[in-house]
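Colleague: Its first residue numbered 7, the sequence shown is counted upward by one per residue in the working numbering.
Quick one: structure below, then a few questions.
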Amino acid sequence: MQDYPPIILKTSEDGSSTLYRPDLNEHYHSVHGAIQESMHVFIWAGLMFYFEKNTELESEHFNTPSQLMTKNSSFDPIINAKNYHSKPIQILEVGFGTGLNALLTLTYSQNHSIYYHSLEKFPLSKEIIEKINYPQQIPHSKASNWFNEIHNAQWDQPKQITPQFQLFKEHTDLQKFKSTHKFDLVYFDAFAPDKQPDLWTPEIFENIANIMNSGAILTTYSAKGIVRRAMQKAGLKTEKIPGPPGKREMLRAIKK
């Protein structure tokens with residue numbers, strides 16, 4: 007039987023929930039702002055960047071994540087598909103955790119088809135999930151329903167959350183993950199390299215690169231040299247870009 011680590015609910019500086027694992031001395035999201043971090047690292051640097059570079063979509067351009075948050079404080083969808091029958095964007099998330107990245111992705115891209123495949127070794131308990139305050143922190147009329155749908159979705163089964171958003175939560179260890187899918191965008195949200203170094207190796211990134219489409223994008227909050235070199239060894243082209251509050255830099259990588 008799998009042993010689940012203890013988890014403590016905390017509130018980050020922007021008022022949104024984060025979780026703390028005492029065994030790792032690590033938080034699920036930044037204490038400087040859980041929503042701010044996810045918006046910066048995965049929505050602005052990942053999803054928005056992908057749409058701007060790779061699709062024929064109409065989307066407002068935001069030079070900085072603060073512009074995205076300020077101009078769109080109501081969390082309305084800012085990506086409008088010209089063609090609703092276009093091929094779904096394939097997203098892989100390493101570390102489903104609280105479901106925040108999935109919720110924000112759905113909120114911002116609800117007019118375009120998304121296949122969202124998320125990995126998690128230790129799914130959260132119902133008791134913890136019910137205490138997370140994202141539905142109250144995201145001022146969208148459907149945030150609460152979507153949050154519940156995302157967390158009520160069965161593990162290892164596809165779930166159509168909306169007509170445009172299909173979710174597949176896989177209960178697995180990243181080191182055991184195999185896929186026949188090719189992905190366009192990767193949210194790499196594992197715990198920090200000094201906490202779980204076995205998840206940040208060249209071999210891990212090589213396995214991920216092998217299931218990324220040409221031109222696919224990977225974003226992560228870490229900018230450590232060991233991470234950048236591991237990505238480069240896997241054949242990914244890396245760049246350092248400004249990080250979220252509390253972090254000077256983060257990494258974005260593109261498959262050549």
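No residue lacks a Cβ here, since even glycine has one placed at the ideal position from N, Cα and C.
Whole angstroms is fine: what's the gap from residue 101's alpha carbon to residue 192's?
Modeller: Numbered from its first residue, the sequence shown carries residue 101 at position 95. Numbered from its first residue, the sequence shown carries residue 192 at position 186. The straight-line gap from Cα to Cα measures roughly 11 angstroms.
Colleague: By Cβ distance, which residues of its chain are closer than 8 angstroms to residue 255, with the 5 residues on each side in sequence left out?
Modeller: Residue 255 sits at position 249 when you count from the first residue of the sequence shown. Hits under 8 angstroms: 229, 246, 247, 248, 249.
Colleague: Look at residue 177 and residue 162 and say whether their C-beta atoms are less than 7 angstroms apart.
Modeller: Here residue 177 refers to the residue found at position 171 when the sequence shown is read from its first residue. Here residue 162 refers to the residue found at position 156 when the sequence shown is read from its first residue. Going by C-beta atoms, residue 177 is nearer than 7 angstroms to residue 162.
Colleague: Considering just the uninterrupted stretch of the beta strand (DSSP E) at residue 177, what are its terminal residues?
Modeller: Position 171 of the sequence shown, counted from the first residue, corresponds to residue 177. Residue 177 -> beta strand (DSSP E) spans 171-177.
Colleague: Determine the direct distance from the alpha carbon of residue 227 to that of residue 94, and round the result to whole angstroms.
Modeller: Here residue 94 refers to the residue found at position 88 when the sequence shown is read from its first residue. Here residue 227 refers to the residue found at position 221 when the sequence shown is read from its first residue. Going from the Cα of residue 94 to the Cα of residue 227 covers about 25 angstroms.
Colleague: What are the partner residues of residue 33, as DSSP defines its beta bridges?
Modeller: In the sequence shown, counting from the first residue as 1, residue 33 sits at position 27. Note: residue 33 sits in a beta bridge opposite 26.
Colleague: Straight-line CA distance for residue 90 to residue 200?
Modeller: The residue you call residue 90 lines up with position 84 of the sequence shown. The residue you call residue 200 lines up with position 194 of the sequence shown. For residue 90, the pLDDT reaches just 42, beneath the cut-off of 50, and the residue's location in the model is therefore unreliable, although a value from the coordinates is still provided. Cα to Cα, residue 90 sits roughly 43 angstroms from residue 200.
Colleague: Contact check, residue 221 vs residue 261 under 8 angstroms by CB: the rounded distance?
Modeller: What you label residue 221 is simply residue 215 of the sequence shown in a count that begins at 1. What you label residue 261 is simply residue 255 of the sequence shown in a count that begins at 1. Yes, residue 221 and residue 261 are in contact; Cβ-Cβ is about 6 angstroms, under 8 angstroms.
Colleague: Leaving out five residues before and five after residue 237 in sequence, what residues of the same chain have Cβ atoms less than 6 angstroms from its Cβ?
Modeller: As a working mapping, residue 237 is identified with position 231 in the sequence shown. Around residue 237: 211, 244, 259.
Colleague: Hey, out of 204, 214, 168, whose CA is closest to residue 185's CA?
Modeller: For the purposes of this step, residue 185 is taken as the residue at position 179 of the sequence shown. Nearest C-alpha to residue 185: 214.
Colleague: Would residue 263 pass as a contact of residue 157 if the rule is Cβ separation under 7 angstroms?
Modeller: With the chain covering 7 to 262 only, the question about residue 263 has no answer from this structure.
Colleague: Alpha carbon to alpha carbon, what distance is there between residue 56 and residue 166?
Modeller: Here residue 166 corresponds to residue number 160 of the sequence shown, with the count starting at 1. Here residue 56 corresponds to residue number 50 of the sequence shown, with the count starting at 1. So the alpha carbons of these two residues sit roughly 22 angstroms apart.
Colleague: For the ligand ATP, is there a heavy atom less than 6 angstroms away from the beta-carbon of residue 181?
Modeller: Ligands displayed in this structure: none; no statement on the ligand ATP is therefore possible.
Colleague: Report the rounded CA-to-CA distance for residue 175 versus residue 205, giving the unit in angstroms.
Modeller: Your numbering for residue 175 matches position 169 in the sequence shown. Your numbering for residue 205 matches position 199 in the sequence shown. Approximately 19 angstroms between the Cα atoms of the pair.
Colleague: Could you tell me if residue 111 is buried or exposed, where buried requires 16 or more neighbouring beta carbons within 10 angstroms of its beta carbon?
Modeller: Sequence index remark: in the sequence shown, residue 111 carries index 105 (1-based). With 16 or more Cβ atoms within 10 Å of its Cβ, residue 111 is classed as buried.
Colleague: Mind checking who residue 256 pairs with in its DSSP beta bridge?
Modeller: Numbered from its first residue, the sequence shown carries residue 256 at position 250. Looking at the DSSP assignment, residue 256 forms a beta bridge with 247.
Colleague: Whose CA, out of 10, 140, 11, lies closest to the CA of residue 21?
Modeller: Here residue 21 refers to the residue found at position 15 of the sequence shown. Nearest option by C-alpha distance: 140.
Colleague: By DSSP, does residue 190 sit in helix, in strand, or in coil?
Modeller: Mapped onto the sequence shown, residue 190 falls at position 184. Of the three classes helix, strand and coil, the one that applies to residue 190 here is strand, per DSSP.
Colleague: Give the range of the alpha helix (DSSP H) segment to which residue 231 is assigned.
Modeller: By 1-based counting over the sequence shown, the position of residue 231 is 225. Looking at the DSSP string, the run of the alpha helix (DSSP H) that includes residue 231 is 231-239.
Colleague: Which residue comes first and which comes last in the beta strand (DSSP E) that contains residue 165?
Modeller: Along the sequence shown, read from residue 1 onward, the residue named residue 165 stands at position 159. Here the beta strand (DSSP E) through residue 165 covers 164-168.
Colleague: With a CB to CB cut of under 6 angstroms and the five nearest residues on each side skipped, what residues in its chain are close to residue 119?
Modeller: Counting from one through the sequence shown, the residue named residue 119 turns up at place 113. These residues qualify, in order along the chain: 94, 170.
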